[in-house]
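Data block below; observations after.
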Amino acid sequence: MSRWLTDEKVTLKELAKQYQVSIERIRQIEEAAIQELREHLTQA
């Protein structure tokens, strides 16, 4: 979520390098987190 919740936008590539995983894995994690937030917000 650091791509969305900070003033400085970070690219998938930068996050992948920082966490030593693939860009695709970062995208998957981000998508899962967003989906989880959506589910919680619609239940509220």
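Counting in our numbering, the sequence shown runs from 1 upward without gaps. Even glycine gets a Cβ: it sits at the ideal position worked out from N, Cα and C. As the structure is a computational prediction, the values presented were derived from the model and not from experiment.
Reduced DSSP secondary structure (H/G/I, E/B, other) of Leu-37: Taking the first residue of the sequence shown as position 1, residue 37 is located at position 37. DSSP places Leu-37 in the helix class (H, G or I) of the three-state scheme.
Cut-off 7 Å between Cβ atoms - residues of its own chain near Lys-17, not counting five sequence neighbours on either side: As a first step, residue 17 must be located in the sequence shown, where it is residue number 17. Taken in chain order, the list of residues that qualify is empty.
First through last residue of the alpha helix (DSSP H) which encompasses Glu-14: Counted from its first residue, the sequence shown places residue 14 at position 14. Where Glu-14 is concerned, the enclosing alpha helix (DSSP H) stretches over 12–19.
Residue-level contact to chain D via CB, Ser-22, 8 Å cutoff: Structure shown: chain D not included; a single protein chain is present.
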